Amino acid sequence: MTESTGELYGTGARKMQDHFDARRLADRLEEVTVTDAFDQPTAAFLTKATYFFLATVSKEGFPDVSYKGGRPGFVRVIDPQTLRFPSYDGNGMYRSLGCIQETGRVAMLFIRQNEKAARIRIHGQAQVLLDSEALSDFDCAEAVVEVKVSRVFPNCPRYVHDLENGNISEFAPGGDAPPPEPDWKSWDVFSDVLPGSSDQ
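Going letter by letter, the sequence shown gives residues 48 to 247 in our numbering.
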């Protein structure tokens, strides 16, 4: 269950970072935002979620992604490096659970799509639990997925639309006015590593 998720940035990501002069920014983001455990605010965010997106990968290396939804609390943080969520009755394909059985590799994307937009990404190793004790913790669960987290990090939410109010993000290009700069680009921690900055 401790299989490494590898480097955050592969050779392809590095090539694109270099093309857009973003390697220093990417490294700084990894340094200040990526962790291997949930802090209290992140845990609270996850346990309030009513949905997330789950990415898995088959033994052939082909990715799959699915929507997982439930009532608030259907995602449970067991400890700072472990979470669980139920798998409910579906269409009988069992692609997500099947891929987890084959490789265990998962990525999760949690999004809050309102005026307080937010995104959290999680990488880890998962296993499918079918025992009665695990199933009893979740109403109507066919199976329970346990994820041992190796990487947790937020993403800039500027392109997340406010679906609660029906508003398109002001950062989405093509509107009546040019998109504003996100606040984080003015933070001291990133000012020296932004693309085009003089500190090379």
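Here a beta-carbon is modelled for each residue, glycine too, at the ideal position from N, C-alpha and C. Predicted model, so just to flag it, every value in this text is computed and none were measured.
| Check | Outcome |
| --- | --- |
| So residue 117 and residue 94 are in contact, right, with Cβ under 8 Å, and what is the actual spacing, rounded? | Not confirmed; about 11 Å, so no contact. |
| From residue 237 to residue 183, what does the alpha carbon distance come to, in whole angstroms? | 46 Å |
| My understanding is that residue 154 touches residue 102, with C-beta atoms under 8 Å, so please give their C-beta distance in whole angstroms. | 4 Å |
| To the nearest angstrom, how far is it from the Cα of residue 109 to the Cα of residue 145? | 12 Å |
| Report yes or no: do three or more beta-carbon pairs, one from the region 193–209 and one from the region 160–172, lie closer than 8 Å? | yes |
| Give me, in chain order, the residues of the same chain whose beta-carbon lies closer than 6 Å to that of residue 137; leave out the 5 immediate sequence neighbours on both sides. | none |
| Can at least three beta-carbon pairs, one atom from the region 190–197 and one from the region 170–177, be found at a separation below 8 Å? | yes |
| What are the residues that DSSP puts in a beta bridge with residue 159? | 165 |
| Which residues bound the beta strand (DSSP E) around residue 253? | Because residue 253 is not part of the residues shown, which for the chain are 48 to 247, the question remains open. |
| List in chain order: all unbroken beta strand (DSSP E) runs of 3+ residues lying wholly within the region 175–216. | 190–202 |
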